[in-house]
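These notes concern the structure reproduced below.
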Amino acid sequence: MGDGREELHHGVENVISHRIRNSTQVKLKIRRTGCSRLTCVDEHILQQDCPKKLYNYWESIGGRRKATGIHLFHIFQIRRWRVKDNELLFLVQWVGYPPGDSTWERACRVKILAKEMHSAYLKTHWGARRAWDRRRGT
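Below is the structure:
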């Protein structure tokens, strides 16, 4: 099945259910527009391609945290950066949560949680890169 991305180009009619995988990740069963067959996709894929469908699903069942019991979060994307008290911070959006639930996290923590994302962000945001290098003394 791959990562499920090829399935989403047809559009998502609705999210049917979810299941927890590896204690911290969620797979969702969806119905594609115009198709009776159900498809399973990773949560981060659905969030990337059809975020409102995902957020509406979680809201309809009482919220993601309550529905899954998962207390360990995965980074979906880094939205912005800032320096506060000489510390580089990233505004992090979490998998399964809308942008309004994003939190400011220390860049060194983000590096631990999502090293490739951290590195890619610094490559495209020169001000953040300078702040990171200054902090590390390079």
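In terms of this note's numbering, the sequence shown is residues 22 to 159.
We put the CB at the ideal spot given by N, CA and C, even for glycine.
The structure presented is a predicted model; accordingly, all values stated were derived computationally and were not measured.
Check this for me: beta carbons of residue i and residue j, under 8 Å apart or not?
| i | j | result |
| --- | --- | --- |
| VAL113 | VAL131 | yes |
| LEU59 | ILE37 | yes |
| LEU109 | GLU126 | no |
Within the 8 Å Cβ cut-off, does residue i reach chain D?
| i | result |
| --- | --- |
| GLU34 | Absent from the structure is chain D; it holds one protein chain and no more. |
Name the residue from the options whose alpha carbon lies nearest to the alpha carbon of residue i.
| i | options | result |
| --- | --- | --- |
| ILE51 | LEU134, TRP153, ARG40, VAL33 | VAL33 |
| PHE173 | THR124, LYS144, ARG40, ARG58 | Outside the modelled stretch of the chain, which goes from 22 to 159, sits residue 173, for which no answer is possible. |
| HIS92 | LYS144, TYR118, LEU143, ARG151 | TYR118 |
| CYS129 | TYR142, ARG85, GLY84, ASN77 | TYR142 |
| ALA88 | GLU126, LYS48, CYS61 | LYS48 |
Taking DSSP's pairing of strands, which residues face residue i in a bridge?
| i | result |
| --- | --- |
| TRP102 | PHE111 |
| SER38 | LYS50 |
Taking residue i as part of the alpha helix (DSSP H), name the residues at either end of that continuous run.
| i | result |
| --- | --- |
| LEU67 | 64-70 |
| THR124 | Not the alpha helix (DSSP H): THR124 falls in the beta strand (DSSP E), residues 124-127. |
| LEU93 | Careful: LEU93 lies outside any alpha helix (DSSP H) and carries neither H nor E. |
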